[in-house]
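Engineer: Can you read through this structure? Questions will come right after.
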Amino acid sequence: MTAGAGVKLLTEDGRRLDGRALNELRRCRIEAGVLKNADGSAYIELGRNKIIVAVYGPREVHPRHEALPDRMLLRCRYSMLPFSVAEERKSPAPTRREVEISKVIREALEPAIFLEEFPRTSVDVYIEVIEADGSTRVASITAAAVALADAGIPMRDLVAGVSIGKIEGKLAVDLSGIEDQHGEGDMPIAMMPRLGEVTLMQADGRFTREEVAQALRMAREAILKLYEEQKRALKERYSKVLAAELGEEQ
Amino acid sequence: MPVYVSSGQVVVPGELVAEGSYEVHGPFVASGKRYYAKVLSVAVVEKTKQVRLIPLKRVYIPSEGDLVVGKVIDVGPTFWLVDINSPYTALLLVSEVFPKPAPQQRELSEIFRVGDLLAAKVLSFDFAHDPLLTVKEPKLGKVARGLLVEVAPARVSRVIGKRGQVADYLSETLGVELIVGRNGRVIVIGKSPDNEALAAYVVTRLCEKPYVEDPLEEAKKLVEVAKRRWSA
């Protein structure tokens, strides 16, 4: 995306439009196990983004010929609800963009899952964006990893993602919708936080070598914060039930 | 050589559980002497350098010798297709029901029909082939009456208990016969519908919590609660 001339994204004291510092994430809240009918689920609020993820599986593959003889088939569908965007109502039909995002999300999650554990089965990840405000693909990844863990899928690590952008020549963490639109670049990055391995990295706009290196450092720092929230969400969901049980013993 | 979790703690996939000369049971990944959880589990630290990870959710994966409760979903020329509440659909071959010569296909549906419930044993399973079932043992075959209770496969083992203690206790005190399928399906057969409803209630409640320390104690408590409620 080219620089939107005339749109000021930074105030005089170097703060962003929503008052954040350059390396500050928006408020993030994750809840695990929000759906009863799915095998695993998660809900994430990242700033004004609201995304719900449902996971089904491991289950029998339909259509059957898509089954893989030696591993599990991971399928993802990222979809935005018609009212999720600020502009005109989005058509409910999958757009090119949604199809692409579904693919990159699948590829970002795949390395974390022990796919070979359940051959000839599938795991389906359905991502519904209820409200969008920038960085939805990485927020979706963060929530999808929680939903997969909630479904009891064997994993090496969770996956969390954050976008690094360039606004007025400076790198900034976790772009909002308006910063994405008028900024000079957007670089979504996802990692396995404990292993520190990158599973998604895209970019539009121009970044120098130094900027890429710095972006990765900034992403890692932010991802570790998101990782804490992911763990908290998963633990809280079950600890509550376990604590209730202990209280009952008295 | 520390252990990083305490008993009753929930661990997420990829979380470091213990390091050093520990014995870790349950789903884990090891990297050298470091042990990481693989699925969402509850950790239980046992006295002698042992950590047990109990998965909170699990699909049923057939294993040779398991007793399962299946539902017939299709009748083939020489077999029945049986849903065993697993990602893998099971086959029950005619030869595992009858000695040769096998009856004709049209007669097969006179034996087991679509929708019938079967108590069966897993004869064999590897991930490359569908599981095979058998009913050639006493007490196996079609289940004609009783009440079906569906519980989480990860929690069904507590209905059985150590050496079948819990199942024995339940059938004795509640006067019912229990068929506990490893795939999370439990059939209670009682003398009266009241008996069955009571037992079904206890089984359901027993499997509600993600983790119970002593299933037998839990079952005893639930039976008491249930009996009080039923008599009131």
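If you read the sequences in order, they're chains F and Z. 134 is the number of the first residue of the first sequence in the working numbering; add one for each residue after it. 435 is the number of the first residue of the second sequence in the working numbering; add one for each residue after it. Even glycine gets a Cβ: it sits at the ideal position worked out from N, Cα and C. None of the values given here were measured: they were computed from a predicted structure.
In chain order, what residues of the same chain have a beta carbon less than 6 Å from the beta carbon of F/Ala280, not counting five sequence neighbours either side?
Structural biologist: As a position in the first sequence, residue 280 of chain F is number 147, starting the count at 1. Gly173, Ser174, Ala175, Val186, Val188.
Engineer: Alpha carbons only, please: which of F/Gly190, F/Pro244, F/Val271, F/Ile297 is nearest the one belonging to F/Ile286?
Structural biologist: Within the first sequence, the letter at position 153 stands for residue 286 of chain F. Minimum Cα distance to F/Ile286 is reached at F/Gly190.
Engineer: Would you kindly work out how many angstroms separate the C-alpha atoms of F/Met320 and Z/Val493, rounded to a whole number?
Structural biologist: Numbered from 1 along the first sequence, position 187 holds the residue referred to as residue 320 of chain F. Numbered from 1 along the second sequence, position 59 holds the residue referred to as residue 493 of chain Z. The alpha-carbon atoms of F/Met320 and Z/Val493 are separated by roughly 37 Å.
Engineer: Can you tell me the Cα-Cα spacing of F/Arg146 and F/Glu312, whole angstroms?
Structural biologist: On the first sequence, position 13 is the one that residue 146 of chain F refers to. On the first sequence, position 179 is the one that residue 312 of chain F refers to. Looking at the sequence itself, residue 146 of chain F is Asp, so the reference to Arg does not match. Using only the alpha carbons, I get a separation of about 17 Å.
Engineer: Taking a Cβ distance cut-off of 9 Å, strictly less, list which residues of the region 283-302 of chain F are near chain Z, in chain order.
Structural biologist: Listed in sequence order: Asp283, Ala284, Gly285, Ile286, Pro287, Met288, Arg289, Asp290, Leu291.
Engineer: So, F/Ala241 versus F/Leu333, is the Cβ gap smaller than 8 Å?
Structural biologist: Position 108 of the first sequence holds residue 241 of chain F. Position 200 of the first sequence holds residue 333 of chain F. Against a cut-off of 8 Å, the Cβ pair of F/Leu333 and F/Ala241 comes out as a contact.
Engineer: Can you tell me whether Z/Pro496 is buried or exposed? The criterion is at least 16 other CB atoms within 10 Å of its CB, across all chains shown.
Structural biologist: Walking along the second sequence from the start, residue 496 of chain Z turns up at place 62. Buried.
Engineer: Kindly indicate which three-state DSSP category Z/Val629 falls into: helix, strand or coil?
Structural biologist: In the second sequence, residue 629 of chain Z corresponds to position 195, counting from 1. Looking at the sequence shown, residue 629 of chain Z is not Val but Asn. It is helical.
Engineer: Based on Cα-Cα distance, which residue from F/Arg365, F/Met213, F/Lys141, F/Ser255 lies nearest to Z/Ser520?
Structural biologist: Counting from 1 along the second sequence, the entry for residue 520 of chain Z is found at position 86. Ranking F/Arg365, F/Met213, F/Lys141, F/Ser255 by Cα distance to Z/Ser520 puts F/Ser255 first.
Engineer: Is DSSP giving Z/Ser529 helix, strand or coil here?
Structural biologist: Translated into the one-based positions of the second sequence, residue 529 of chain Z becomes position 95. Three-state result, Z/Ser529: helix.
Engineer: Considering Cα atoms alone, identify which of Z/Pro489, Z/Asp508, Z/Val583 is closest to Z/Phe546.
Structural biologist: On the second sequence, residue 546 of chain Z is found 112 positions in, with the first residue counted as 1. Looking at the Cα atoms, Z/Asp508 is the closest of the given residues.
Engineer: Within the same chain, show all residues whose beta-carbon is closer than 7 Å to that of Z/Val446, passing over the 5 residues directly before and after it, in chain order.
Structural biologist: What you label residue 446 of chain Z is simply residue 12 of the second sequence in a count that begins at 1. The answer, listed in chain order, is Ala471, Leu474.
Engineer: From the DSSP output, in three-state form, read off F/Met205 for me.
Structural biologist: Residue 205 of chain F sits at position 72 when you count from the first residue of the first sequence. Here F/Met205 sits in coil by DSSP.
Engineer: Strictly below 8 Å CB to CB, what residues from chain F border Z/Val446?
Structural biologist: Here residue 446 of chain Z is taken as the residue at index 12 of the second sequence, counted from 1. Neighbours of Z/Val446 on chain F, chain order: Ala282, Leu291, Gln363, Lys364, Leu367, Lys368.
Engineer: Using DSSP bridges, identify the partner residues of Z/Leu552.
Structural biologist: Locating residue 552 of chain Z in the second sequence gives position 118, where the first residue counts as 1. Its beta-bridge partners are Z/Gly504, Z/Lys576.
Engineer: Per the contact definition of three or more C-beta pairs closer than 8 Å, is the region 593-601 of chain Z in contact with the region 478-492 of chain Z?
Structural biologist: With a cut-off of 8 Å, the region 593-601 of chain Z and the region 478-492 of chain Z do not count as touching, because too few Cβ pairs lie within range.
Engineer: Might you give, ordered along the chain, the residues of its own chain that have their beta carbon closer than 7 Å to the beta carbon of F/Lys183, omitting 5 neighbours on each side?
Structural biologist: Sequence index remark: in the first sequence, residue 183 of chain F carries index 50 (1-based). Cβ neighbours of F/Lys183 beyond the five flanking positions: Ile263, Glu264.
Engineer: Who are the Cβ neighbours of F/Glu381 in its own chain at under 6 Å, not counting the five residues just before and after it?
Structural biologist: Along the first sequence, one-based indexing puts residue 381 of chain F at 248. In this prediction, F/Glu381 has a pLDDT of 46, which is less than 50 and means its spatial position is unreliable; what the coordinates show is noted afterwards. No residues qualify anywhere along the chain.
Engineer: Given that a residue counts as buried once 16 or more other Cβ atoms are within 10 Å of its Cβ, and exposed if not, what is Z/Gln538?
Structural biologist: Translated into positions along the second sequence, residue 538 of chain Z becomes position 104. With fewer than 16 other Cβ atoms within 10 Å, it is exposed.
Engineer: Under the three-state reduction of DSSP, which class applies to Z/Val463: helix, strand or coil?
Structural biologist: For this step, residue 463 of chain Z is matched to residue 29 along the second sequence. Note: Z/Val463 maps to strand in three-state DSSP.
Engineer: Going by CA-CA distance only, name the one from Z/Val502, Z/Leu501, Z/Ile518, Z/Pro511 that's closest to F/Glu193.
Structural biologist: Start at 1 with the first residue of the first sequence, and residue 193 of chain F comes out as number 60. Among Z/Val502, Z/Leu501, Z/Ile518, Z/Pro511, the Cα nearest to that of F/Glu193 belongs to Z/Ile518.
Engineer: Identify each residue in the region 185-208 of chain F for which the Cβ-Cβ distance to at least one residue of chain Z is less than 8 Å, and report them in chain order.
Structural biologist: The region 185-208 of chain F vs chain Z, Cβ under 8 Å: Gly190, Pro191, Arg192, Glu193, Pro202.
Engineer: From the DSSP secondary-structure annotation, give me the bridge partner or partners of F/Lys299.
Structural biologist: For the purposes of this step, residue 299 of chain F is identified with residue 166 of the first sequence, where counting begins at 1. F/Lys299 is bridged to F/Leu304, F/Gly318.
Engineer: Rounded C-beta distance between Z/Cys641 and Z/Arg589? I'm assuming under 8 Å.
Structural biologist: Here residue 641 of chain Z refers to the residue found at position 207 of the second sequence. Here residue 589 of chain Z refers to the residue found at position 155 of the second sequence. Between Z/Arg589 and Z/Cys641 the Cβ distance is about 4 Å, and since that is below 8 Å, they are a contact.
Engineer: Taking 8 Å as the CB-CB limit, is Z/Val493 close to chain F?
Structural biologist: Locating residue 493 of chain Z in the second sequence gives position 59, where the first residue counts as 1. Chain F, which has a Cβ nearer than 8 Å to the Cβ of Z/Val493, makes this yes.
Engineer: Does DSSP put F/Asp313 in a helix, a strand or coil?
Structural biologist: Counting from 1 along the first sequence, the entry for residue 313 of chain F is found at position 180. Residue state, collapsed to three classes: helix.
Engineer: Report yes or no: do the region 460-471 of chain Z and the region 568-585 of chain Z share at least 3 C-beta pairs separated by less than 8 Å?
Structural biologist: Touching, no.
Engineer: Got a sec? Which residues, its chain only, sit under 7 Å from F/Arg327 by beta carbon, not counting five neighbours each side?
Structural biologist: Taking the first sequence and counting its residues from 1, the one referred to as residue 327 of chain F is at position 194. Asp290.
Engineer: Taking beta-carbon pairs under 8 Å, can you tell me which members of the region 514-532 of chain Z lie near chain F?
Structural biologist: Cβ contacts with chain F: Pro521, Tyr522, Thr523.
Engineer: Check the Cβ-Cβ distances between Z/Lys472 and every residue of chain F, and say whether any is below 8 Å.
Structural biologist: In the second sequence, residue 472 of chain Z corresponds to position 38, counting from 1. Yes, contact with chain F.
Engineer: Measuring CA to CA, which of Z/Asn617, Z/Ser605, Z/Gly549 is closest to Z/Lys654?
Structural biologist: Taking the second sequence and counting its residues from 1, the one referred to as residue 654 of chain Z is at position 220. The option with the nearest alpha carbon to Z/Lys654 is Z/Ser605.
Engineer: Strictly below 8 Å CB to CB, what residues from chain F border Z/Phe561?
Structural biologist: The sequence position of residue 561 of chain Z within the second sequence is 127, counting from 1. Neighbours of Z/Phe561 on chain F, chain order: Phe251, Pro252, Arg253.
Engineer: So which residues of chain F does Z/Leu490 contact, with C-beta pairs closer than 7 Å?
Structural biologist: By 1-based counting over the second sequence, the position of residue 490 of chain Z is 56. In chain order: Gly285, Tyr371.
Engineer: Along chain Z, which residues have their Cβ under 7 Å away from the Cβ of F/Phe216?
Structural biologist: Position 83 of the first sequence holds residue 216 of chain F. Simply none; closest approach about 32 Å.
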